[in-house]
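Read the structure below first, then the notes.
And the structure:
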């Protein structure tokens, strides 16, 4: 066992603000000290701004011994400058074996205890449910939330406990009740202690309506407002973290043609959208995320009479029930209009007597499905770093290459993978691109999108479901797996991107190589080891279109953001100002790139989908019919809103100049100073939420101008946001609090929806 004082010393060098680090440290301490480690971990946790005693206790109960070890704490602390009081003595082989055996024994005991508790709570939940009476719309919580549709309470019940009249919502798993969520008349929520919430859900609506589309939401009130507005079936996941687990199970049973809309809470921490992205990955492009948007007037109305929290911050509206009560049920209905889009089928090559290859893709697809069900492949599948052309391919500016693709799509062209324009070799690479190198070891950050499905230890990606099954392995230069299902292929490519690989060599079964080629090519990663057919190339283009049109974060939006932040020297007219530092540039004309990007975004929003083109009589009978005339005539309101803001910013030359100077200086800051800058950026973004047009542009310009003056070389001359109430000083290498603080909604946590 390790010295508790030594662990406490190491923890003083680790920042508890990052939710993933917070969870990993807790698991490591519990593995090392068992239940005796809670007080130490809780003491350290209290340094975090988002600390909650209830959250800490709930999370501690969910941590399983054996997943993370105390070496995790040592490594994290050393990275921040910690040195142990006494030299570290590596354990002997016998001690390592003993620790592993003890850890495994604790893990098995904890899992057995958890299963026993789950079974006990399940029995209690089913008994309480049987003894409860049907719910009605007169419950105070429903009245306060504006829920008036009887269909939203058809599956709920009421009971009385300790003077509270509780609205009882069943937590379903495997078609049986495993737990209950109770909501009292004041809006207080709780689950039965120790019961299962992981993977559990509730349902509003009729099961026969699922074929027309389904909504996945966090809390009951949000789901009820959505159903009341749209009439669509809604699945309740209870919290953002569990939404990912529910989505994974739902994707295995929901028919492939059923569209999915994920209702995302618009919270300041961005936890909702992060979890929605992870959940959407299971649906292969047919999931669309929708967030409520609030005006400044609505925010002020929401805050009336609510006071502030313990840190002096006023509350903010965040979910669709808030929108329902602030703007009416029609506003909720409008947010979901035209969102239920069925997935577009991949193009099918025409069959001719001489084209027997047209049947091959469907046969291969069926074979892939069969092999996926078997969950293993006869041979080892792998992708390997292929760096033969990596440096030369990075010699141009990546923005130029990426901006061309949407233009081609907007023009209705059917591009091929060999049509990608070559970058201008005479253009000097950006500093960040020159420094970017491929990672050929295990020293990189695991993508957030993988952390809910895997536990990555020593390069092995274990299934988060059981903690034992290795789904794929990172060997440094090579990723290996025995699987060949689409999700594993996507996840391996996430690692490829995290490691900065631009070129990969594919090996393994034909089905694996085909899937890997299609997915990699659609994401712009070059491959070798597989020769694609014409059908494969068509699938690549179809997948690119799907990502661009149906993704949660459209490709065009990301490119336009890059365009707004990047100014080409040849398009700028600069003049020197006395107060400027050498090298700063001042724009004296509008940002034409951003204006063009806004027009492209609006134009693409009216472009027809492939299914619209195929089903249009005009496309079959008329000659030279403009392709854009086959699409929708009206531009969606959210696109109009976005393009108007882009145009307003582009026309303000002072804004363009201020942001350019700000961006260039930010790139010169040290890593820690860039993190501090990110903290200030988030604060400004939260403060300006709801502002529109010139008001927002002026506020952002003022921020860019003032903050740019505070950047001097690699230093940001602004106060550090961290203030840690501790008897020890913050080590110089410690990570600052400005790192994003997502609520780590682990699937094991029994965390109720936050009261609205």
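In the numbering used here, the protein residues as written are 55 to 810.
Just so you know, even glycine gets a beta-carbon here, dropped at the ideal spot from N, CA and C.
Pick out whichever of 352, 87 and 68 has its Cα sitting closest to the Cα of residue 58.
As a first step, residue 58 must be located in the chain shown, where it is residue number 4. Checking every option, the nearest Cα to that of residue 58 belongs to 87.
What do you get for residue 197, buried or exposed, if any count of 16 or more other CB atoms within 10 angstroms of its CB means buried?
Counted from its first residue, the chain shown places residue 197 at position 143. Result: exposed.
Can you tell which of 506, 512 and 507 has its C-alpha closest to the C-alpha of residue 497?
Translated into the one-based positions of the chain shown, residue 497 becomes position 443. Comparing Cα positions, the closest option is 512.
Endpoints, the alpha helix (DSSP H) within which residue 194 is located:
Counting from 1 along the chain shown, the entry for residue 194 is found at position 140. Taken as a continuous stretch (DSSP letters only), the alpha helix (DSSP H) holding residue 194 covers 194 to 199.
Pick from 126, 120, 125 and 92 that is closest to residue 112, judged by C-alpha positions:
In the chain shown, residue 112 corresponds to position 58, counting from 1. That would be 92, whose Cα lies nearest to the Cα of residue 112.
For residue 640, the three-state DSSP class (helix, strand or coil):
Locating residue 640 in the chain shown gives position 586, where the first residue counts as 1. Unreliable placement is indicated for residue 640, whose pLDDT of 43 sits below 50; the coordinate value is still reported in the next sentence. Coil.
Looking at C-alpha atoms only, which residue of 354, 360, 739 and 259 is the closest neighbour of residue 758?
By one-based count along the chain shown, residue 758 stands at place 704. For the residues 354, 360, 739 and 259, the minimum Cα distance to residue 758 belongs to 739.
Simplified DSSP assignment, three categories, for residue 299:
In the chain shown, residue 299 corresponds to position 245, counting from 1. It is helical.
Residue range of the beta strand (DSSP E) that residue 213 falls in?
Position 159 of the chain shown, counted from the first residue, corresponds to residue 213. From DSSP, the beta strand (DSSP E) with residue 213 extends over 211 to 215.
At least 3 beta-carbon pairs within less than 8 angstroms: the stretch 284 to 302 vs the stretch 253 to 270
yes
Is the beta carbon of residue 60 closer than 9 angstroms to that of residue 190?
Counted from its first residue, the chain shown places residue 190 at position 136. Counted from its first residue, the chain shown places residue 60 at position 6. In this structure, residue 60 does not lie closer than 9 angstroms to residue 190 by Cβ.
Any idea if residue 627 is buried or exposed, counting beta-carbon neighbours within 10 angstroms, 16 or more meaning buried?
The residue you call residue 627 lines up with position 573 of the chain shown. Low confidence applies here, because residue 627 scores a pLDDT of 41, under 50, leaving its location unreliable; read the following figure in that light. Answer is exposed; the Cβ neighbour count stays below 16.
With 16 other CB atoms within 10 Å as the buried threshold, where does residue 612 fall?
Taking the chain shown and counting its residues from 1, one reaches residue 612 at position 558. Any reading at residue 612 is ruled out, since the residue's pLDDT is 39, under 50, leaving its predicted position unreliable.
Cβ shell of residue 157 (< 8 angstroms), same chain only, five flanking positions each side left out
Residue numbering aside, residue 157 sits at position 103 when the chain shown is read from its first letter. Here the set comprises 85, 119, 120 and 123.
First through last residue of the alpha helix (DSSP H) which encompasses residue 734
To locate residue 734, count along the chain shown from 1; it is residue 680. First-last of the alpha helix (DSSP H) with residue 734: 725 to 741.
Alpha carbon to alpha carbon, how far is residue 491 from residue 136? Give it in angstroms, no decimals.
As a position in the chain shown, residue 136 is number 82, starting the count at 1. As a position in the chain shown, residue 491 is number 437, starting the count at 1. When rounded, the distance between both Cα atoms is 28 angstroms.
C-beta atoms of residue 127 and residue 212 nearer than 9 angstroms
On the chain shown, position 73 is the one that residue 127 refers to. On the chain shown, position 158 is the one that residue 212 refers to. It is not a contact, given that the beta carbons lie outside the stated cut-off.
Roughly how many angstroms lie between the CA atoms of residue 300 and residue 348, to the nearest whole one?
The residue you call residue 300 lines up with position 246 of the chain shown. The residue you call residue 348 lines up with position 294 of the chain shown. Computed Cα separation, rounded: 28 angstroms.
Taking residue 364 as the reference, give the member of 106, 568 and 238 with the closest Cα.
Stepping through the chain shown from its first residue, residue 364 is reached at position 310. With distances taken between Cα atoms, residue 364 lies closest to 106.
Run through DSSP, which three-state label would residue 765 get?
Walking along the chain shown from the start, residue 765 turns up at place 711. In this structure, residue 765 counts as strand in the three-state DSSP scheme.
Just to confirm, are residue 279 and residue 386 a CB contact at a threshold of 9 angstroms?
In the chain shown, residue 279 corresponds to position 225, counting from 1. In the chain shown, residue 386 corresponds to position 332, counting from 1. Taking 9 angstroms as the Cβ cut-off, residue 279 and residue 386 qualify as a contacting pair.
Inter-residue spacing [alpha-carbon to alpha-carbon] between residue 752 and residue 714
Here residue 752 is taken as the residue at index 698 of the chain shown, counted from 1. Here residue 714 is taken as the residue at index 660 of the chain shown, counted from 1. When rounded, the distance between both Cα atoms is 15 angstroms.
Own chain, CB closer than 6 angstroms to residue 63, minus 5 neighbours either side, in chain order
Within the chain shown, residue 63 is the residue found at index 9, counting from 1. Nothing meets the Cβ criterion.
Do residue 356 and residue 371 have their beta-carbon atoms positioned less than 9 angstroms apart in this structure?
Taking the chain shown and counting its residues from 1, one reaches residue 371 at position 317. Taking the chain shown and counting its residues from 1, one reaches residue 356 at position 302. Cβ distance < 9 angstroms, so residue 371 and residue 356 count as in contact.
Please tell me whether residue 346 has its Cβ less than 9 angstroms away from any Cβ of chain D.
Protein chains in the displayed structure number just one, and chain D is not present.
Give every residue of the same chain whose Cβ lies closer than 7 angstroms to the Cβ of residue 571, excluding the five residues on either side of it in the sequence, and list them in chain order.
Position 517 of the chain shown, counting from 1, holds the residue named residue 571. Hits under 7 angstroms: 560, 581, 584, 586 and 590.
In this structure, does DSSP put residue 527 in helix, strand or coil?
Taking the chain shown and counting its residues from 1, the one referred to as residue 527 is at position 473. Residue 527 falls in the strand class under three-state DSSP.
Would you mind listing the alpha helix (DSSP H) stretches within the stretch 494 to 560 that are 4+ residues and don't spill past its ends, in chain order?
540 to 552
In angstroms, rounded to a whole number, what distance separates the CA positions of residue 378 and residue 436?
Against the chain shown, residue 378 aligns to sequence position 324. Against the chain shown, residue 436 aligns to sequence position 382. Rounded to whole angstroms, residue 378 to residue 436 spans 50 angstroms at the Cα level.
Does the structure place the stretch 311 to 327 close enough to the stretch 521 to 540 that three or more beta carbon pairs sit under 8 angstroms?
no
Looking only at C-alpha atoms, which of 343, 768 and 506 sits nearest to residue 731?
The sequence position of residue 731 within the chain shown is 677, counting from 1. Residue 768 is the option with its Cα nearest to residue 731.
Run the CB neighbour count on residue 549, radius 10 Å, all protein chains shown included, and call it buried at 16 or more, exposed below.
Here residue 549 refers to the residue found at position 495 of the chain shown. Flag for residue 549 reads buried.
How should residue 199 be labelled, buried or exposed, when 16 other C-beta atoms within 10 angstroms of its C-beta is the threshold for buried?
Your numbering for residue 199 matches position 145 in the chain shown. Buried is the call here.
Is the stretch 218 to 237 touching the stretch 176 to 193, taking contact as three or more C-beta pairs under 8 angstroms?
yes
Do residue 598 and residue 322 have their C-beta atoms closer together than 9 angstroms?
Residue 598 sits at position 544 when you count from the first residue of the chain shown. Residue 322 sits at position 268 when you count from the first residue of the chain shown. Not a contact, by the Cβ cut-off of 9 angstroms.
Using alpha carbons as the reference points, say which of 350, 361 and 271 lies closest to residue 342.
Your numbering for residue 342 matches position 288 in the chain shown. Checking every option, the nearest Cα to that of residue 342 belongs to 271.
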